[in-house]
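A short write-up of the structure that comes next.
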Amino acid sequence: DKLSDKELKQIKADDQGIQTILLGLPEDTYAVVDSCETAQEIWLRVQQIMKGSDIGIQEKKAKLFNEWERFTSNEGESIESYYHRFLKLMNDLKRNKHFPEKIAINLKFLNNLQPEWSRRVTIIHQTKDLHTADYTQLYDILKYNQKELDELKAE
């Protein structure tokens, strides 16, 4: 029952592959693959975990679309907080290869602000081309007007 040179080399290569893969894994992933016997088996399981199942991917997209549909400002929320939440949502959409049209992005950003911003939003609608403007530019305009809005609130 002596192993051939080829079999010994394969076992050694597998051991090296296993060690290399395991060294780079987070602890929770390691716990899922520690029963695998070959480097290929570990690699396939790691790929599956990292990629997620097709159902998981579909659920993630559905959740993201839901977030997009329901996105709105919170009462009393600062323009900075609103912008950062919107930025995160846009980043998540981009990471998942979903790119709404620029006009849709800008309208979503402007039309979901708190009512006290309505005058500023109307001015932006009248003076900016929302097909070409970037929501970061719109945020900068709103941020610039924040002090005046705060003074009006204080009165």
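If you use my numbering, the sequence shown corresponds to residues 931 to 1085, in order.
Ideal Cβ placement from N, Cα and C applies to all residues, glycine included.
Using the beta-carbon count (16 or more within 10 Å), is residue i buried or exposed?
{"i": "Ile924", "result": "Given that the chain is displayed from residue 931 to residue 1085, the structure contains no residue 924 and the question cannot be resolved."}
{"i": "Ala992", "result": "exposed"}
{"i": "Arg1050", "result": "buried"}
{"i": "Ile951", "result": "buried"}
{"i": "Ile1054", "result": "buried"}
Compute the beta-carbon to beta-carbon distance between residue i and residue j, rounded to the nearest angstrom, for a pair I have assumed lies under 8 Å.
{"i": "Leu1037", "j": "Leu1060", "result": "7 Å"}
{"i": "Leu974", "j": "His1028", "result": "Actually they do not touch by this definition, with Cβ atoms about 28 Å apart."}
Would you kindly check if the distance between the Cβ of residue j and the Cβ of residue i is under 8 Å?
{"i": "Trp998", "j": "Leu1017", "result": "no"}
{"i": "Leu1043", "j": "Ser1011", "result": "no"}
{"i": "Ile1035", "j": "Met1020", "result": "yes"}
{"i": "Tyr1065", "j": "Phe1039", "result": "yes"}
{"i": "Val962", "j": "Ile941", "result": "no"}
{"i": "Glu929", "j": "Leu1079", "result": "The structure shown has nothing for residue 929, since the chain only spans 931 to 1085."}
{"i": "Asn1026", "j": "Lys990", "result": "yes"}
{"i": "Ser1032", "j": "Thr1062", "result": "The question names Ser, but residue 1032 in the sequence shown is Lys. Yes, they are a contact pair."}
{"i": "Leu953", "j": "Val976", "result": "no"}
If you pair each beta-carbon of the stretch 932-948 with each one of the stretch 965-985, do three or more pairs fall below 8 Å?
yes
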